[in-house]
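Residue numbers (our numbering): 13 to 220. Just so you know, even glycine gets a beta-carbon here, dropped at the ideal spot from N, CA and C. Note that the structure is a prediction, hence the values are computed from the model and not measured.
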Ligand code: PRP
Ligand code: URA
């Protein structure tokens, strides 16, 4: 069974409140979503393997460390794009893949429309990012997609998760650890997370 880590840090929780607030304008929503993503990246990466190498300071030789694994960040389009910059700020060595999915509004089933991944995918540690884990359908499909393309070491990072979404991912992808900022109480009849923050993609891109 995979592990679900809730990143219960005061700065993260403060930003969750800003993102939840319906009066937060799109430009601030984008800024805060990237900021929170950068903070979450610290917890998501805390046990990444490092390797030592020697370097010269202006004064003498010393030993430094660098990340051992190739890293690939994969946002689920569209809303996941709102977290990429925050992750790239602290993981500039990462490559970025994309998977495009939207939820059919009637069936709530994910429909895929785009994908592109770096060649290093199968030997990389992959961070799949999406602000919302609602029914779990999109994350489940994206994880299957990534595995079919060769990914075998994946962590799922979302901002707001529902208990049902976590359950679906854990049942179908027990090898994938989940990181989120908050677990909300449930879903409404349209599959929206309650209390949630609304439609994340619309709020990132101003299409509400
Ligand atoms: C949102 C969100 C997730 C998905 C979560 O995307 O960004 O990808 O819904 O819902 P689920 O867990 O029930 O599958 P959406 O389908 O609205 O597309 P968008 O990002 O293009 O707005
Ligand atoms: N997708 C969103 O953007 N928000 C939700 O609450 C559920 C799915």
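Classification of residue i by the beta-carbon crowding that lies within 10 angstroms, buried from 16 upward
i	result
residue 61	exposed
residue 185	buried
residue 129	buried
residue 150	buried
residue 147	buried
residue 75	exposed
residue 116	exposed
Per DSSP, cross-strand counterpart(s) of residue i
i	result
residue 65	76
residue 189	167
residue 207	Beta-bridge pairing links residue 207 to no other residue.
residue 198	206
Three CB pairs or more closer than 8 Å across the segment 109-124 and the segment 43-50: No, they do not touch.
Complete beta strand (DSSP E) runs within the segment 108-187 (minimum length 3 residues, chain order): List check, beta strand (DSSP E) in window: 110-115, 122-128, 136-141, 166-169.
For the ligand PRP, residues whose Cβ lies under 7 Å from any non-hydrogen atom: Any heavy atom of the ligand PRP counts here; residues with a Cβ closer than 7 Å to one of them, in chain order, are 88, 89, 90, 91, 92, 113, 114, 115, 120, 122, 142, 143, 144, 145, 146, 147, 148, 149, 150, 151, 177, 203, 211, 212, 213, 214.
Meets three-Cβ-pair contact criterion under 8 Å: the segment 91-110 and the segment 131-145: yes
Segment contact, 8 Å Cβ cut-off, at least three pairs: the segment 203-216 with the segment 178-195: No, the segment 203-216 does not touch the segment 178-195.
The segment 61-75 touching the segment 188-202, judged by at least three CB pairs closer than 8 Å: no
Contact between the segment 25-42 and the segment 75-88 (3+ Cβ pairs under 8 Å): no
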